[in-house]
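Just so you know, we're using this note's numbering here: the sequence shown kicks off at 1 and counts up by one. Beneath this line is the structure, given in structure tokens, with notes to follow.
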Amino acid sequence: MAEELNRHRHFYLYAKGHYKRGRTHAEELMNLKVLAAEYCGMLPEHVTDQDVRRILSRLTFQHIRGDHSFSELLEDIGPKSFRNNLFAEQGFPYDYYGVLIQRLLVILSTCKVRDAKGWLSGMNLGEPDFGLLPKRDG
Numbered sequence: 001m002a003e004e005l006n007r008h009r010h011f012y013l014y015a016k017g018h019y020k021r022g023r024t025h026a027e028e029l030m031n032l033k034v035l036a037a038e039y040c041g042m043l044p045e046h047v048t049d050q051d052v053r054r055i056l057s058r059l060t061f062q063h064i065r066g067d068h069s070f071s072e073l074l075e076d077i078g079p080k081s082f083r084n085n086l087f088a089e090q091g092f093p094y095d096y097y098g099v100l101i102q103r104l105l106v107i108l109s110t111c112k113v114r115d116a117k118g119w120l121s122g123m124n125l126g127e128p129d130f131g132l133l134p135k136r137d138g
């Protein structure tokens, strides 16, 4: 019998680059609202920004260990972090929630979901659903 698909699979697939990503924070947030709506069984227009952040942070928290310690995450999203200072020097305004979402997606993108034998337990992501979001370019 095939293993059940992971409930959060589209968030992992999005983070891992299977779907086309937003070019701006607003586009990224809209894409994530589409995924959150599918996950929650509701319409995207009823999903709030806070819903997206809550789903992503709860999903990502279980993967924060080792290289992704909680304190490192907090440092990375702060306005004075090295990365955010580089963006500020280039004229990009600091956006706490935008930075938080990007950092959570980076952590999800590095999660191991397969080994030589196939899907890890509970991590069957299946195939992307390009009816939800378009396929990544390239």
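Here a beta-carbon is modelled for each residue, glycine too, at the ideal position from N, C-alpha and C.
{"Check": "Neighbourhood of R103 by C-beta distance below 7 angstroms, restricted to the same chain and skipping five residues each side", "Outcome": "L73, D76, I77"}
{"Check": "Anticipated Cβ contact below 8 angstroms, K20 with R114, distance rounded", "Outcome": "Not a contact, Cβ separation roughly 22 angstroms."}
{"Check": "Beta-bridge pairing of K135 - partner residues as DSSP gives them", "Outcome": "Y19"}
{"Check": "Backbone secondary structure at D115 - three-state DSSP", "Outcome": "strand"}
{"Check": "Distance CB(D129)-CB(H10) smaller than 8 angstroms", "Outcome": "yes"}
{"Check": "Inter-residue CB distance, V99 and N84 (contact presumed, cutoff 8 angstroms)", "Outcome": "6 angstroms"}
{"Check": "Same chain, Cβ closer than 6 angstroms to F70, five either side skipped, listed in chain order", "Outcome": "I64"}
{"Check": "Simplified DSSP state of F130, which is helix, strand or coil", "Outcome": "coil"}
{"Check": "DSSP three-state assignment for M42, whether helix, strand or coil", "Outcome": "coil"}
{"Check": "Pairwise C-alpha distance: L120 and L13", "Outcome": "15 angstroms"}
{"Check": "N- and C-terminal bounds of the alpha helix (DSSP H) containing T60", "Outcome": "49–61"}
{"Check": "C-alpha gap between E89 and F61, whole angstroms", "Outcome": "30 angstroms"}
{"Check": "Check whether A26 and V52 have beta carbons under 8 angstroms apart", "Outcome": "no"}
{"Check": "Cβ-based burial, A116 [other Cβ within 10 Å; buried from 16]", "Outcome": "exposed"}
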